[in-house]
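For reference, the structure is listed below as structure tokens.
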């Protein structure tokens, strides 16, 4: 039997205010691709994508965690902090920290409460 091959995996991200979340993610650096009413595919480069949906359930949003692996988490944090995304969109931005599991990251809660961990690896 021939092996099955995957092409891409995308998570559906809930949005309490779809238009606000769409602006937030566009300003974060993700490029939106309309897929139909209430659905946008957001891409960052060739390897990162997710689907923003005009659907909200507090239990889902507050328990969903996305992990974005980047070259320099501190550079990302500085850019987000300087743009005051947290203040302008009601998001929450945590400070970067070195983690005991070999990663430096920071947390970002989007306007709907979805948690992102944005980080890079620490040299061994």
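Numbering (this note's numbering), first residue to last: 2 to 125.
The beta carbon of each residue, even a glycine, is placed where N, CA and C say it ideally should be.
Nothing here was measured: the structure is a model prediction, and the numbers come from that model.
Annotation for residue 16: no alpha helix (DSSP H) segment contains it, and DSSP assigns it neither H nor E. Residues of the same chain with a CB within less than 6 Å of the CB of residue 18, apart from the 5 flanking positions on each side, do not exist.
Distance from the CA atom of residue 81 to the CA atom of residue 111, rounded to whole angstroms, is 12 Å. Taking each of 48, 102, 87 in turn and checking the Cα distance to residue 95, the smallest one comes out for 87.
For residue 117, the uninterrupted beta strand (DSSP E) run begins and ends at 116–122, by DSSP. In chain order, 11, 12, 13, 14, 36, 40, 41, 42, 43 place their CB closer than 8 Å to the CB of residue 52, counting only its own chain and leaving out the 5 sequence neighbours on each side. Within the region 44–108, the runs of beta strand (DSSP E) that reach at least 3 residues and sit entirely inside it are, in chain order, 49–54, 66–70, 98–100. Cβ-Cβ separation between residue 74 and residue 25: approximately 19 Å, too far for a contact (criterion under 8 Å). Exclusion of the five residues before and after residue 63 leaves 114 as the residues of its chain whose Cβ lies within less than 6 Å of its Cβ. Excluding sequence positions up to five before and after residue 117, its CB lies within less than 8 Å of the CB of 66, 67, 68, 69, 108, 109, 110, 111, all in the same chain and listed in chain order.
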